[in-house]
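**Q** One structure follows; several queries about it will come next.
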Amino acid sequence: MGILTEIKDAVVRGRVDIKSPYPPEMAGKPGVVELVEQALEEKMDISMVLKEGLVSGMEVVGDKFSSGEYFLPDMLMSAQAMKAGMSILDPHLRGKSIQKLGKVVIGTVKGDMHDIGKNLVAVILEGGGFEVIDLGIDVSAEAFLSNAEEHPGSVIGMSALLTTTRESMRASVELLREKGLSNKIIVGGAVVTQAFADEIGADAFTKDAAKAVPLVKGLLGIAS
Ligand code: B12
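Residue numbers (the numbering used here): -18 to 205.
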């Protein structure tokens, strides 16, 4: 098995590290932590480790949850494994950019606790040279509004992973527009599409965290 497949498998099985007792049948075997460290030692491309290892593992977890094979605790274990892997990649994704190109305020919308994708976008934007203010999860429309007012000219990033919380995203965009704020808004998350982004009046959308950097540059009129 190649290292990327091993990382993917460890995410799917929720194996955090070698010391973890979970899952019992993998006792003593390396987890995401050791495997990601090994991939970095082998100088593997970081975006491949991210996309083909960690993120593709989470896609399988989502499918297993949809089909009823996985339950909430399984999804949680996998999320922990994914987060452990991300924390190792984090300094590499952040890069060494010193000059700040602009500010992005980002958060997961009200009612939604999913933060893996949002965190990834935040780290990649920081790596791309932006100052990122992370409001966390379950962010109300009012909180997006007050932060947009506090940081004029910032781009507002919103993430939603649930069909139900897409409506919180709509409400947040509407509130900013209603109050006449000119901050540009970028949206994303598993349930968001370009069509939905257009429908609610967001300025940009992407599925791909890496594309967030050129998109935000575009919104701020910075040449790529
Ligand atoms: C991990 C996970 C969880 C974890 C979350 C842990 C955490 N800290 O985030 C836990 C176990 C807590 C969880 C809970 C629930 N979950 Co859940 N979860 C997932 C899972 C498996 C993976 C999500 C993930 O992290 N993906 C990896 C990241 C990297 O991808 P991503 O978030 O999509 O982000 C990428 C892009 O979308 C984009 N992006 C994301 N945000 C943003 C923002 C901006 C500005 C931009 C530009 C881009 C961008 O960039 C990222 C990188 O490419 C998905 C399945 C799936 N395939 O999405 C289900 C899923 C989202 N969950 C689902 C459900 C139903 C739930 C629960 C309601 C289950 C329950 N019965 O309680 C609860 C809801 C809790 C709540 N109120 O939020 C459903 C949603 C169905 C729907 N359409 O509404 C899914 C799709 C599973 C399924 N197939 O049914 N979940």
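Glycine included, every Cβ here is placed at the ideal spot set by N, Cα and C.
Every value quoted in this text rests on a predicted model; they were computed, and no experiment measured them.
1. Roughly how many angstroms lie between the CA atoms of TYR51 and MET63, to the nearest whole one?
2. Grab the span of the alpha helix (DSSP H) containing LYS64 for me, first residue to last.
3. Does the stretch 86 to 93 touch the stretch 108 to 120, meaning 3 or more C-beta pairs lie closer than 8 Å?
4. Less than 8 Å between the CB atoms is what I'm expecting for ILE203 and ILE166, so what's the real figure, rounded?
5. Please work out which residues of its chain come closer than 8 Å, Cβ to Cβ, to LEU142, disregarding the five sequence neighbours upstream and downstream, and give them in chain order.
6. In chain order, what residues of the same chain lie with their CB nearer than 7 Å to the CB of ILE181, ignoring the 5 residues before and after it?
7. How big is the Cα-Cα spacing for SER140 and MET39?
8. With distances taken Cα to Cα, identify the nearest neighbour of ARG(-4) among SER127, SER28 and GLN61.
9. Determine the direct distance from the alpha carbon of PHE46 to that of LEU53, and round the result to whole angstroms.
10. On the premise that ASP179 lies in contact with LEU200, defined as a C-beta separation below 8 Å, what is that separation, rounded to the nearest angstrom?
11. What do you reckon, is the C-beta of LEU201 under 7 Å from a heavy atom of ligand 1?
**A** Let me spell this out:
1. Residue mapping note: residue 51 aligns to position 70 of the sequence shown, counting from 1. Residue mapping note: residue 63 aligns to position 82 of the sequence shown, counting from 1. For TYR51 and MET63, the distance between alpha carbons rounds to 16 Å.
2. Within the sequence shown, the letter at position 83 stands for residue 64. Counting along the chain, the alpha helix (DSSP H) containing LYS64 begins and ends at 53 to 75.
3. Touching, per the Cβ criterion.
4. Here the question's residue 203 lines up with position 222 in the sequence shown. Here the question's residue 166 lines up with position 185 in the sequence shown. With a Cβ gap of about 17 Å, ILE203 and ILE166 do not count as contacting.
5. Start at 1 with the first residue of the sequence shown, and residue 142 comes out as number 161. Listed in chain order, the non-local C-beta contacts of LEU142 below 8 Å within the same chain comprise THR89, ASP93, HIS95, GLY98, GLY170, ALA171 and VAL172, local neighbours out to five positions each way being set aside.
6. In the sequence shown, residue 181 corresponds to position 200, counting from 1. Counting only Cβ-Cβ distances below 7 Å, and skipping sequence neighbours, we find MET150, ARG151 and VAL154.
7. Taking the first residue of the sequence shown as 1, we reach residue 140 at position 159. Taking the first residue of the sequence shown as 1, we reach residue 39 at position 58. Each residue's alpha carbon lies about 17 Å from the other.
8. What you label residue -4 is simply residue 15 of the sequence shown in a count that begins at 1. Across the set SER127, SER28 and GLN61, the C-alpha of GLN61 shows the shortest separation from the C-alpha of ARG(-4).
9. Numbered from its first residue, the sequence shown carries residue 53 at position 72. Numbered from its first residue, the sequence shown carries residue 46 at position 65. If you take the alpha carbons of LEU53 and PHE46, they lie about 8 Å apart.
10. Locating residue 200 in the sequence shown gives position 219, where the first residue counts as 1. Locating residue 179 in the sequence shown gives position 198, where the first residue counts as 1. With a contact defined as Cβ atoms closer than 8 Å, LEU200 and ASP179 miss out at about 15 Å.
11. Stepping through the sequence shown from its first residue, residue 201 is reached at position 220. No heavy atom of ligand 1 is found nearer than 7 Å to the CB of LEU201.
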